Structure formats: structure tokens, C-alpha cells
Amino acid sequence: MNAWVLAAIVLVLGGIVPCLLVSLRGSAMEGLVALELGGVISALVFLLLAEGFQRQSFVDLALMLAVLSFVGALAFVRYVEREI
Amino acid sequence: MTVLQGVLLVLVALGGTAVVLVRDPLRQSIVAGVFGLLLGLLFFAFQAPDVALSQIVVGSLALPSMIVLTLAKLARLQRPDE
Amino acid sequence: MSFLPYAVAAWLFLVGLYGIVTSRHLVHLIVCLTVVQSSSYVLLLAIGYLAGAQAPVFADIPPDTPIVDPVVQALTLTDVVVEATVSALLFGLALQAQKRFGTVNPDEIAAMKG
Amino acid sequence: MTMRSRRVLFLVAAAIFGFLFVWGLSGLPSFGDYRGPYGIVLGQIVMSERHTTEAVGATTFDYRGFDTMGEEYILFAAVMGLVILLRELRGERTEEEEEEEYPVHRRRREASDALRVLGLALVGPLVVLGIYIVVHGHITPGGGFQGGVILAAALILVSLAGRYPAMRRVRPIPLVELADAGGAAGFVLVGLGGLIAGSEFLYNFLPLGEPGTLLSSGMIPLLNISVGLEVAGAFVLLISEFLDQQFISGLGEE
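Protein chains in written order, with the numbering used here: chain A, 2 to 85; chain Y, 6 to 87; chain W, 6 to 119; chain L, 217 to 470.
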């Protein structure tokens, strides 16, 4: 395990776990914000892991996640703004 | 097994449990989104970037939009009964 | 510890099944079904994993590097696609259920059928 | 059946199933100790035999090409089924003539200008990203399915960020259906090429080229493109059927 992977683990535990907790406990809107933040943090973790595995060609995944989580969030927002 | 895989496996197990236990469909779909992110990370840690990419695509785009559109339509269909 | 992935796969299957059995909303039920299906991804990928091996993409590694099994990954890819299509069809059926029975609670639908 | 008796029944069944599951898995080699022959053989031959740097892509579209064809037709059939299901729903809705109900609810709020600009600015990059993922399916992770969904997302984004009528303009349904069906047919046609070349169905009959370049791996990029077309068409069709549901008895939106 190198520093990149260690940083990824720290980011998962310190970043995505709180997002999971908030999406469980909070209101729908808070959960949505947590999901968005989780998407951003996951993209960062993908970057760190691609670096940590020494496979830089896998940064595509982070790029895709960054773009797609925005589109997915838009779907949620358009629903939540009408229903809540 | 590496520490990364262990951590992500435990989180996936917890996330799956959380998805099942949340009863409200809209909030459940949000938790399912976080679960999908965790799954994608786990697959990447399992050295399966292709599968991780598919999981990202399905989990953060295809499933949420279908759930949300279904819920919106269901809400509209249910309104006359209220 | 080396059986943890299999244990997680079994746990996801059972917990997803629990959600399906106790579900009171068809959309909730379908999302629980995706949890069950994610168990199969974890199981397949865990079977194909080789400790210390690289991901099966030779774009930036020498061709003789040991790689994890591409066959199970291809199977899992198929699995993910099938999950998406099955859920799409089930969401359509949930809408039909609301239309026909006026409810998306599986219990009430069962009760109406008598 | 009451919820309580159902839970008890489930717990009994789950205990039995869990036992059998664990028993079945106990025969597997421990995690990280993979001993399957196919993966190891594939890892050794895929570069020299197919000139593909992506072993998963080669497995999906070449060594297991026939299975993938089945998978494509599962997708095709599922979308057809969904379209039929929802079109029936649409017919019922319009018959009921609910036009006078809930006009306020139905008047969908427009997206803010910032959202619309950001969303529409993302459409171009999404299309480029989708095409990149599809055509590099035999070099880097990705391929027809993932890229196809991104291409579909670009069109769906128009409706999410903009307005529904705008979405209707950019998705000519016959064209989308043509992409869906054409992609599905393309897979079979490429497969038939193997027969014409004097070998079996889905035989990789095209020149293999230099590994790691865009024009390599024979027919795998072609299959990726046809799957990409099919998946993009299928997902646009699928999501727009769900979107149409929102506006079934819509007033004045169009």
C-alpha cells in the first residue's frame, strides 16, 4: 500500500461514510446534497486509486463519474423541487 | 486482501443494509445512489475498471432517473385518491 | 479474512431478499432487487480476483503481467446491463400496477386479487 | 399473511438458504487465490491473438461474442416491452380525459437560467465523452454499453436542464428507434461477416492492426459501435417513455 491508496482509504472513511450517514438520517434534500458530495469525493478517490495502482489511464472513470453524477443529480432535483 | 478492499467490502455490506431499511422510496433511492458509488469503488479496488464504469453509469444515472420518473408519475396517479 | 467477499455477497443477497419480502412499496421492492443483484457482482468479481494481479487492460502495462480474470468481469458486465433493463421493465410494471389496482403496495394488490 | 408471520417464514427460509449458500461457497478457493484456467489463458493470448489491449472487451465481443449478442437482445426486448407497457398506459390516460385536473401541478416550473446554461453547455462534452468511450472500447476501459448510456444522457440532459418541448425536438423518435434497431442488427451483420469470410459466426475476420491504436482488434470496434448505437437508442427511448408519462394529459406545454 502506498500513500495514494492510504489517502484514498482515509477519504472513503472520512468523506463517503458521513455522506452515507446523512443520506440515512437527514431529510431528502440533505440526503441529495450528501449524494452529490459523495459523487465528488468518489471521483477524487478514483483519481487517487488510479495513481496508487500506477494505472493513469483509469482516470477516465473519475471523469465519467464527475459528469454523470451531475446529470443524475439534476434528475433528482427536478423531482424534489416539485414534490417537496 | 488489501486494507482498501476490506474497508470497501464492509462499507458495501453496511450500505446494502441501509438501502433495504430505508422505507420511503425517494430517500431510499438517494441512499441507493451512495450504495452505487461504494459498489463502483469496490469494483475498482477489485481491479475491474470496466465493471466499475458500468456501475457508475447505471448507478448514478440510469437507475436514479428511472426511479425518480416512476415516483413522479406514481405521485400524479395517486393524487386523485387523496 | 479471505472469505469476507463471499460473506458480503451472501449478506447482500439475504438482506435484499429481506427487503423484498417485507416491502410495502413496489419501487422500494425493485431497489431491494438491485441490492440482491449487486450480491452477484461481488461474488463474481471476488471469484476472479488474483492477489497482486493487475486490471485486465494492457494499454499501459507489459503484455506478460499477470491479470485478474477477464471472463468473470465480462460476465459481470452482462449482469449490470441486465440489471438495468430488468429494473426498467419492472418500473413500467409498477406504473401499470398503480393504474390497474390503484396501489403500489404488494399486499393490497395481492388482497385485491382475492 | 401478516407481516409478522411473513418475517418468521423469511427468517426460517433465510437460515436454510444462508447455510446452503455458505456451504456452497466453502468449496471456492479463498479470495485472491484464483485458479481458473480461462482467465489465465486469455491474459496470455489476448494481445498476440487479437491485438486488443482490453482483455475484457475482447472477451465480451470476441471470445464470448455470442453471449453478448444474447445480452443485446435482452436489452432490446426489455425496451420493447417497456414501450408497449407504457404506451398502453398512455392510451388509458387520454381516454379518461383528465385535462381539467391539477393544471397548477402540471405546469412544470422551468429550470433557472444558470441551470439551463450549465446543462446545455454540458451536452457537447457529454457527446464527445460518449463517443470517446465507445470507440476506445478495445483500448481502455469502457465500450459500447457505457458509452451508449452517456450518449443517451446527453439527450436526456436537454430535457432535464431545458424544457420538455426542447427535448422532443432533439429526439426524433423514428431516428432513435432506427439507432436502436440498427445497432442490434449491426451486431448480427458483423457476426455474419465471419461466415462470409469462410469461418464461423462472429469470427474476427477483419485485419487486426497495431495493438493500442484506434484501428485495431478487427471487428471489436465495429461491435462496440453497434452496441453503443443500440444502447443509446434504447435508453433514450426508455427514458423518454417515462418522461412522456409525466406529460400524458399535459396542457399547453407544447
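Backbone N, C-alpha and C define an ideal beta-carbon position, used for all residues, glycine too. If you're wondering where the values come from, they're calculated on a predicted model, not measured in any experiment.
Roughly how many angstroms lie between the CA atoms of Ala-4 of chain W and Met-219 of chain L, to the nearest whole one? Nothing in the structure corresponds to residue 4 of chain W, since chain W is present only between 6 and 119.
Spatial neighbours of Phe-59 of chain A within its chain, please: CB distance less than 6 angstroms, with the 5 preceding and 5 following residues excluded, ordered by chain position. Ala-51
Taking buried to mean at least 16 other C-beta atoms within 10 Å of its own C-beta, is Gly-243 of chain L buried or exposed? exposed
Beta-carbon neighbours of Leu-334 of chain L, restricted to chain Y and to distances below 9 angstroms: Result: empty, since nearest Cβ-Cβ is about 17 angstroms, beyond 9 angstroms.
Can you tell me which residues form a DSSP beta bridge with Val-62 of chain W? L:Glu-270
Please go through the region 227-264 of chain L and give each complete beta strand (DSSP E) segment of 3 or more residues, from N-terminal end onward. none
Is Trp-16 of chain W buried or exposed, if buried means 16 or more other CB atoms sit within 10 Å of its CB? buried
In or out: Asp-29 of chain Y buried (at least 16 other Cβ within 10 Å) or exposed? exposed
Let's see if you can read the secondary structure: which residues bound the alpha helix (DSSP H) around Gly-398 of chain L? 389-412
Taking the CB atoms as reference points, tell me whether Ser-264 of chain L and Pro-68 of chain W lie closer together than 9 angstroms. It is a contact, given that the beta carbons lie within the stated cut-off.
If you draw a straight line from the C-alpha of Ala-67 of chain A to the C-alpha of Gly-425 of chain L, how long is it? 33 angstroms
Limits of the alpha helix (DSSP H) - the one that Pro-10 of chain W falls within: Pro-10 of chain W -> alpha helix (DSSP H) spans 9-27.
Mind checking Gln-107 of chain A: buried by the 16 CB within 10 Å criterion, or exposed? Look at the range of chain A in this structure, 2 to 85, and you will see that residue 107 of chain A is not part of it.
So which residues of chain A does Thr-22 of chain Y contact, with C-beta pairs closer than 9 angstroms? Within chain A, no residue comes near Thr-22 of chain Y; the closest Cβ sits about 10 angstroms away, beyond 9 angstroms.
Under the DSSP definition of a beta bridge, which residues are partnered with Leu-55 of chain W? L:Gly-248, L:Asp-249
How would you list, in chain order, the residues of chain W whose beta-carbon sits under 9 angstroms from the beta-carbon of Ser-65 of chain Y? Below the 9 angstroms Cβ cutoff, chain W contributes no neighbours of Ser-65 of chain Y, its closest Cβ being approximately 12 angstroms away.
For Ile-347 of chain L and chain A, any beta-carbon pair shorter than 9 angstroms? no
I need the DSSP call for Ile-300 of chain L, collapsed to helix, strand or coil. helix
Determine the DSSP secondary structure at Ile-10 of chain A, reduced to helix, strand or coil. Three-state result, Ile-10 of chain A: helix.
Taking 9 angstroms as the CB-CB limit, is Val-91 of chain W close to chain L? yes
Can you check whether the C-beta of Val-25 of chain Y is within less than 9 angstroms of a C-beta belonging to chain A? no
Does DSSP put Ile-72 of chain W in a helix, in a strand, or in coil? strand
Among W:Glu-113, W:Gly-107, W:Phe-8, W:Val-73, the one whose alpha carbon lies nearest that of Gly-252 of chain L: W:Val-73
Please state the DSSP three-state secondary structure of Leu-53 of chain Y. The question names Leu, yet the displayed sequence has Ala at residue 53 of chain Y. It is coil, neither helix nor strand.
Is the shortest distance between the beta-carbon of Glu-317 of chain L and the beta-carbons of chain A less than 9 angstroms? No answer about Glu-317 of chain L holds up, because its pLDDT of 42 lies below 50 and its placement is not dependable.
Within 8 angstroms, do at least three Cβ pairs link the region 296-305 of chain L to the region 435-449 of chain L? no
List in chain order: all unbroken beta strand (DSSP E) runs of 3+ residues lying wholly within the region 413-441 of chain L. none
So, do the region 24-34 of chain A and the region 326-340 of chain L have three or more beta carbon pairs nearer to each other than 8 angstroms? no
Does Leu-424 of chain L have its Cβ less than 9 angstroms from a Cβ in chain Y? no
Which residue comes first and which comes last in the alpha helix (DSSP H) that contains Arg-56 of chain A? First-last for Arg-56 of chain A: undefined, no H or E at that position.
If you measure from the beta carbon of Gln-78 of chain W to each beta carbon in chain A, is any gap under 9 angstroms? Chain A contact via Cβ: absent.
Any chance the region 345-356 of chain L sits against the region 37-48 of chain Y, with 3 or more Cβ pairs inside 8 angstroms? no
Could you tell me whether the region 18-33 of chain W touches the region 52-71 of chain Y, using the rule of 3 or more Cβ pairs below 8 angstroms? no
Between which residues of its own chain and Val-47 of chain W is the CB-CB distance below 8 angstroms, once the five residues before and five after are set aside? Pro-10, Val-13, Ala-14, Leu-17
Hey, Asn-420 of chain L and Gly-410 of chain L: beta-carbon distance below 9 angstroms or not? Result yes, Cβ atoms of Asn-420 of chain L and Gly-410 of chain L sit closer than 9 angstroms.
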